[in-house]
Amino acid sequence: MSSPRPRGASGVTYSQAAEGYFDKRGLTRTAGFWGLWGLGVAAVISGDFSGWNFGIGGAGWGGFLIATVVVTLMYVAMIASIGEMSSAMPHTGGAYSFARSAMGPWGGFVTGLAETIEYVATTAVIVYFSAAYADSITDTLFGLSMPGWVWWLILYALFLALNIAGAEISFRFALVVAVLSLAVIALFGVMALFSGALDFGNLFDIEPTDGNSTFVPFGWWQVVLAMPFAMWLYLGIEELPLAAEESHMPARDIPRAGLWGMATLIVSGGIVLVLNPAVVGASAIGEAGEPLLDGFRAILPNSDVAAILSAFALIGLFASLQGIMYAYGRNIYSLSRAGYYPKALSLTGARKTPWIALVVGAGIGIVALLLVETGGDTAGAIVLNIAVWGAVIAHLLQMVSFVMLRRKFPNASRPYRSPFGVGGAVFAGAIAALIFLGVMLNEDYRPAIIAIV
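No gaps in the numbering here: position 2 of the sequence shown is 2 in the working numbering, and each next residue is one more.
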């Protein structure tokens, strides 16, 4: 019997998969609503511990507050839109699947590639900040300090082992560390409120430039440039559709988990946005590598208790390291299974996890960190902006996909429908486009764009 002939469309060649192709690329359904909620929150929660604070350094506390409100509205509208698409198309491809259905194979490829950049770079950022936290803690408590690259290798090895061990273990770990991370933030909030170090005047201790106020000390354009750092409070929650083929009831649970996850993150982000700089000071927090650790130190000066509490804060970074590593593994897996990436990347092992995709993504992340290590204190910000720029491209294309799918398939089954409709998707897409332009036009972010190219 002759083999089927390849078919072509839009400059792309399609071939029928060989017998047994999908048997070697299978996943297992293990996640319910709480597992998905835990995965979504875990993927993002490290943003409450590190990274977001650079936005205050660039725009002042008031400017960053405005940027955060705008970005929060963008994410609420976007998660509702993504929830609708995931309920109609519950496939592991997630954003890639939506874009391919709406814009064809090239639209799917560009969107999927942008998400690969986002998740691989985000994992690298979390490893970078986790290493800084861990080294600071071990140095304070035990006098032990190691080079950053040693910590990077240790962290990648540990979490590769966890993700390769199986999806059920991954979901359970994500849920546990998400809850523990939220408990740490709640503890910090209570301690800050009853601390003598709390002073809301500290929110406005940045000297304004000529013609500006202490609320927006550096002008309104800096508010736009602070939006990538505001995204760090939510970036990663959109990964949930990647778990569709490992969820028991994806059409119902993924939209619910996304919206409940957003509500959780709005509360936790609000706590650190207001109380952390009120304890430490906006000027100091804008340059801090581990802002929550500095917050504990301000509340408990000259005490090892601060370092011990920060060891618990490290759980938040580990939560996101687990969640985002899961995301890049499934993203690379789905694009490989569809033939966009080398097919070996979609092979799954005995535990039904895409171990090759996970290892390759880790290798790329380590190389990225080594390349930007010469950036010194700005290295974390550079990799963060690589992640954000990849993210806003994917966000924008997903919102375009939402609008196109509503028009192309108006009668398609949608178990969940976004309450914001097309208007919400257009708003979210417009804000994503604005952030895209802000990153592109800012010379300080240019190294991130060069790195992506």
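The beta-carbon is built from N, C-alpha and C at its ideal position, and this holds for glycine as well.
In its chain, beyond the 5 residues on either side, G57 have a beta carbon closer than 7 Å to the beta carbon of E287. Sequence-distant partners of I299 (beyond 5 residues in either direction) whose C-beta falls short of 7 Å from its own C-beta, in its chain, are M191, A192, S195, A197 and V279. Look at S320 here: in three-state DSSP terms it is helix. Remark: C-beta atoms of A95 and E115 approach each other more closely than 8 Å. If you check the CB distance, L405 and A327 do not come in under 8 Å. Non-local C-beta neighbours of A132 in its own chain, meaning closer than 7 Å and more than five positions away in sequence, comprise G289 and E290, ordered along the chain.
The alpha helix (DSSP H) runs lying completely inside the stretch 258-294 and spanning 4 residues or more are 282-285, given in chain order.
Leaving aside the five residues that flank W355 on each side, the residues in its chain whose CB is nearer than 6 Å to its CB run, in chain order, I164 and G349.
In the DSSP annotation of this structure, the continuous segment of the alpha helix (DSSP H) that includes A88 starts and ends at F54 to A88.
Judged by DSSP in its simplified three-state form, S247 adopts strand. The C-beta distance from T122 to L235 rounds to 7 Å, short enough to meet the 8 Å contact threshold. Collapsing the DSSP output to three states places T140 in a helix.
Inter-segment contact for the stretch 212-229 and the stretch 43-61 is present: three or more beta-carbon pairs are separated by less than 8 Å.
Put simply, of A284, T68 and A186 the residue whose alpha carbon is nearest the alpha carbon of E207 is A284. By the C-beta criterion, the stretch 358-365 is judged not to be in contact with the stretch 412-426, since fewer than 3 inter-stretch pairs fall below 8 Å. Our two residues, Y341 and L347, have alpha carbons roughly 12 Å apart in a direct line. Within a 10 Å sphere around the beta-carbon of M85 sit 16 or more other beta-carbons, which makes this residue buried. Between the beta-carbon of G62 and that of F200 there is about 12 Å, and that puts the pair past the 8 Å contact cut. Distance from the CA of G60 to the CA of W232, rounded to the nearest whole angstrom, comes to 17 Å. Of the candidates F142, A174 and V70, the residue whose Cα lies closest to the Cα of F318 is A174. Ranking L160, I366, L384 and W151 by CA distance to the CA of M325 puts L160 first. Between the C-alpha atoms of W37 and I254 there is a straight-line separation of about 8 Å. In this structure, M440 sits away from I452, with a CB-CB distance that is not shorter than 8 Å. In the DSSP assignment, I237 falls outside any alpha helix (DSSP H), carrying neither H nor E.
If you ignore the 5 residues before and after A311, its C-beta comes within less than 6 Å of the C-beta of I137, all in its own chain and listed in chain order. For Y340, the secondary structure class from DSSP, reduced to helix, strand or coil, is coil. Judged by DSSP in its simplified three-state form, N331 adopts helix. Beta-carbon to beta-carbon, S418 and G83 are separated by about 7 Å, close enough to satisfy the 8 Å threshold.
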